[in-house]
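Undergrad:
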Amino acid sequence: MTDLCLLDHTSLTELYSKTLRKYDDIKDKKLSLDMSRGKPCPEQLDLSLGLLDIVNSNSPLLVSESLDIRNYGMVDGLADAKELFGQLLQVSSNEIIIGGNSSLNMMHDTISRALLTGVIDSNTPWGKLSKIKFLCPSPGYDRHFAICETYGIEMITINMLDDGPDMDEIEKLVLQDDSIKGIWCVPKYSNPDGITYSDEVVNRLAKMPTKANDFKIFWDDAYTVHHLTDEPSIVKNILRACEDAGHPNRVFMFASTSKITFPGSGVAVMAASEENISYIKKQLSTQTIGPDKINQLRHVLFLTNLENINLHMKNHAAIIKPKFDMVLNILQAKLSKYSIASWSKPKGGYFISLNTLDGCASEVVKLASDAGVSLTPAGATYPYGKDPRDRNIRIAPTFPSLSELEAAMEVVVLCILLASIKKLLQNQII
Ligand code: PMP
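Numbering (my numbering), first residue to last: 122 to 551.
Spelled out as structure tokens, the structure:
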């Protein structure tokens, strides 16, 4: 029907009044709906209830002749957990550390240690340098950016393209600036765009010459088995690519079972070259006498192998795919005709990334909040919380029920319409 940008002032004003009436009606309903964070819903959590009973006093492996996992020790985790999660990240048992419950915690601590003591190939601890910088493909994960902001690491925004971050830009920057020490990457079903890195991007990241000799890739493979279709995306193994390119120590990989079993009571892992792992293990042993190996055992007994993890993830997909479909269908039905927004159609992960007209995202989020729907704050997907075009909104469809989601999306769509018409009217006056 109508490309809104082509409507004259009178038609736009009429549409604005009509939409505002609908918005006010919805506001009167006093909704309270949360689409702000990518949390699994209760039905997804129920899929892993078996975890709670799987370890008891008779469990195999709890106590054996050589090993009592109830006790201190095993700073890098249970051997069986290394074997299992090694399959997940396609690395060997010598290239992995099994941690506590949060991969974000492992990323944070890896950066903290780098600031305090440097990484394996540093001449100087990062924190002793006058300035350090990280490349931040954006839109990206707000909590990565929060780590940098908290510790004064300057963030450089890198555009996301269809197959990963803009490599031309990255190669140029890392070649000339030795204060660039790292890059954040979510290589599969990225948060929030749902983009999967191509082999070419992986190869270029592994190969590129960098001015800093201690440049590190923070490879956050948070959504490695979180497929929404029967055609899983595959990402080239970055650890092997770095090794082949002659930079074996360049990458730190991270993952967790937060969105496989229980966020908050899952198992997090970190993988890297053997050399990196032994360096980090030494540092870790001043940090802890050992992780929660009983929880690791629970996960080993419950998840058993990669094939079983994939089956388990199909059950997750069966619950959340209809939610993604509902959001996408509503956006298509209610907005596509107006040419005022575009959105991702992810094949996995936890988010739909929506772009409004420039300068409208904060207004949409505010209007939605006033009508009882919380969205991720506008700008959160960019360094310093500042989206240069104020257009990106991260939609997290997994947690609400289908009926809540439908109600919330009705609000979101109205808010996008309202904010867009207002912006177009303003532009006409100018
Ligand atoms: N990385 C990404 C890209 C995420 O989206 C999330 C969760 N939203 C995390 C890490 C958090 O992982 P964890 O629960 O293991 O700390």
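Glycine included, C-beta positions come from ideal geometry on N, C-alpha and C.
Keep in mind it's a predicted model, so treat the numbers as computed, not measured.
Relative to the alpha-carbon of K337, which residue among D446, D242, A528 and Y503 has its alpha-carbon at the smallest distance?
TA: If we check each option's Cα against that of K337, D242 comes out closest.
Undergrad: Does the segment 388 to 397 touch the segment 356 to 364, meaning 3 or more C-beta pairs lie closer than 8 Å?
TA: Yes, the segment 356 to 364 touches the segment 388 to 397.
Undergrad: Beta carbon of L141, beta carbon of G493: below 8 Å?
TA: Not a contact, by the Cβ cut-off of 8 Å.
Undergrad: Can you tell me which of the three DSSP states V532 falls into?
TA: Helix at V532.
Undergrad: Which one of S377, S474 and N476 has the shortest CA to CA distance from M227?
TA: Minimum Cα distance to M227 is reached at S377.
Undergrad: Entirely within the segment 453 to 540 and at least 4 residues each: give me those alpha helix (DSSP H) ranges in chain order.
TA: Taking only runs of at least 4 residues, the alpha helix (DSSP H) segments lying wholly in the segment 453 to 540 are 482 to 491.
Undergrad: Can you list the alpha helix (DSSP H) stretches of 4 or more residues lying completely in the segment 399 to 459, in chain order?
TA: As far as the segment 399 to 459 is concerned, its whole alpha helix (DSSP H) runs of at least 4 residues are 414 to 424 and 427 to 456.
Undergrad: How would you call T131, buried or exposed, if buried means at least 16 neighbouring beta carbons within 10 angstroms?
TA: So T131 ends up on the exposed side.
Undergrad: Answer yes or no: the CB of S180 versus the heavy atoms of the ligand PMP, is any distance below 7 Å?
TA: For the ligand PMP, not one heavy atom lies less than 7 Å from the Cβ of S180.
Undergrad: Ignore the nearest five residues each way along the sequence and tell me which others in A202's own chain have a CB closer than 7 Å to its CB.
TA: Only I219, V388, Q417, H420 and V421 meet the Cβ criterion.
Undergrad: Tell me whether S319, by its Cβ, gets closer than 7 Å to a heavy atom of the ligand PMP.
TA: Not so, every heavy atom of the ligand PMP lies at least 7 Å from the Cβ.
Undergrad: Ordered along the chain, which non-local residues of its own chain (more than five positions away) have a Cβ less than 6 Å from that of D341?
TA: These residues qualify, in order along the chain: V307 and F375.
Undergrad: Return the first residue and the last residue of the alpha helix (DSSP H) that E275 is part of.
TA: It is not in any alpha helix (DSSP H) - E275 instead sits in the beta strand (DSSP E) that spans E275 to L282.
Undergrad: Classify E216: buried if its beta carbon has 16 or more other beta carbons within 10 angstroms, exposed otherwise.
TA: Result: buried.
Undergrad: So what does W615 bridge to, in DSSP terms?
TA: Residue 615 falls outside the range modelled here, since the chain spans only 122 to 551, and no answer is possible.
Undergrad: Examine the ligand PMP and report whether any of its heavy atoms sits within less than 7 Å of the Cβ of Y262.
TA: True, at least one ligand heavy atom lies under 7 Å from that Cβ.
Undergrad: Could you check if T519 is buried or exposed, using at least 16 other CB atoms within 10 Å of its CB as the buried criterion?
TA: Looking at its Cβ environment, which holds 16 or more other Cβ atoms inside 10 Å, T519 is buried.
Undergrad: Can you give, in chain order, each stretch of the alpha helix (DSSP H) that sits fully within the segment 136 to 219 and has at least 4 residues?
TA: Entirely contained in the segment 136 to 219, the alpha helix (DSSP H) runs reaching 4 residues are, in chain order, 163 to 167, 172 to 175 and 200 to 210.
Undergrad: If I measure Cβ to Cβ from L127 and keep anything under 8 Å in the same chain, skipping five residues before and after, which residues do I get?
TA: Excluding positions up to five away in sequence, the list is empty.
Undergrad: Are the CB atoms of A528 and L154 within a distance shorter than 8 Å?
TA: Against a cut-off of 8 Å, the Cβ pair of A528 and L154 comes out as a contact.
Undergrad: Indicate, with yes or no, if the ligand PMP has a heavy atom lying under 7 Å from the CB of L546.
TA: For the ligand PMP, not one heavy atom lies less than 7 Å from the Cβ of L546.
Undergrad: Rounding to the nearest angstrom, what Cα-Cα distance links F472 and H437 in this structure?
TA: Roughly 14 Å separates the two Cα atoms.
Undergrad: Suppose you measure from the CA of H433 to the CA of V184; what does that come to, to the nearest Å?
TA: Roughly 28 Å separates the two Cα atoms.
Undergrad: Name the DSSP beta bridge partners of I301, please?
TA: Note: I301 sits in a beta bridge opposite K254.
Undergrad: Would DSSP call G248 helix, strand or coil?
TA: The answer is helix: DSSP assigns G248 an H, G or I state.
Undergrad: What are the boundary residues of the beta strand (DSSP E) that M329 is part of?
TA: From DSSP, M329 is part of no beta strand (DSSP E); its letter is neither H nor E.
Undergrad: Got a sec, what are the start and stop residues for the beta strand (DSSP E) A392 sits in?
TA: Here the beta strand (DSSP E) through A392 covers A389 to A392.
Undergrad: If G469 sits next to H348, beta carbons under 8 Å apart, how far is it from one beta carbon to the other, in whole angstroms?
TA: Right, their Cβ atoms sit about 5 Å apart.
Undergrad: When you measure from the CB of D341 to every non-hydrogen atom of the ligand PMP, does any distance come out below 7 Å?
TA: Yes, since a heavy atom of the ligand PMP falls inside the 7 Å radius drawn around the Cβ of D341.
Undergrad: Taking buried to mean at least 16 other C-beta atoms within 10 Å of its own C-beta, is L475 buried or exposed?
TA: Per the 10 Å Cβ criterion, buried.
Undergrad: Is the beta carbon of S233 within less than 7 Å of some heavy atom of the ligand PMP?
TA: Outside the cutoff, so no.
Undergrad: What span of residues does the alpha helix (DSSP H) with I381 cover, start to end?
TA: That residue, I381, is in no alpha helix (DSSP H); it is neither H nor E in DSSP.
Undergrad: What is the C-beta distance between T502 and D263, in whole angstroms, given that I count them as a contact (C-beta under 8 Å)?
TA: Indeed they touch by this definition, with Cβ atoms about 6 Å apart.
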